[in-house]
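Shown next, in structure tokens, is the structure this report addresses.
Numbering (full-length UniProt numbering), first residue to last: 1 to 160.
Structure (structure tokens):
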């Protein structure tokens with residue numbers, strides 16, 4: 001099963017200058033809980049936005065740079081190749097960035113989305129979720145508090 005996992009604003013903003021434009025600790029906790037122990041697929045820029053590889057996950061990095069290598073990570077040149085080397089029958093997570101989400105949404109079976117209830121100026125956007133193709137099966141709203149500057153909703157979509 002291929003799952004896209006992302007946090008996106010109401011205008012589908014993902015981030016700017018290779019950084020998130022909000023800080024939501026509970027979203028980070030959910031991301032860690034859902035993806036731990038699994039393969040995660042990402043673009044090179046997304047990988048380079050982390051201080052180090054994320055623990056307890058197998059990283060597949062997509063890049064056009066032929067000589068790009070990262071110890072302990074798989075490096076491939078396409079979303080198709082990333083999916084091909086992922087374990088069959090296991091849930092595999094695509095974690096971004098925008099270009100990788102756009103290339104993979106047609107391959108995906110599920111979307112785990114944190115919808116941030118605000119709009120942001122961004123340079124990276126999540127693809128539009130076509131509700132003719134996707135069904136919302138779970139929704140959990142969280143209001144802003146001392147640790148979260150914005151209301152947000154965890155949503156799970158499955159392909160119809």
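The beta carbon of each residue, even a glycine, is placed where N, CA and C say it ideally should be.
Note that this is a predicted model, so its numbers are computed, not measured.
Which residues DSSP lists as bridging residue i, in chain order
i	result
residue 5	112
residue 60	41, 74
residue 156	112, 138
residue 125	13
residue 93	3, 40
Assumed close pair residue i, residue j - CB separation to whole angstroms, cut-off 8 angstroms
i	j	result
residue 117	residue 150	6 angstroms
residue 77	residue 63	7 angstroms
residue 114	residue 154	6 angstroms
residue 2	residue 106	Not quite, the Cβ-Cβ distance comes to about 10 angstroms (not below 8 angstroms), so this is no contact.
residue 43	residue 99	6 angstroms
Enclosing alpha helix (DSSP H) for residue i [first to last residue]
i	result
residue 100	98 to 104
residue 28	25 to 35
residue 81	79 to 85
Beta carbon of residue i nearer than 9 angstroms to that of residue j
i	j	result
residue 26	residue 148	yes
residue 4	residue 111	yes
residue 96	residue 14	yes
residue 160	residue 144	no
residue 73	residue 47	yes
**Report entry** Stretch-stretch touch, CB-based, cutoff 8 angstroms, three pairs: the stretch 45 to 53 with the stretch 28 to 35
**Finding:** no
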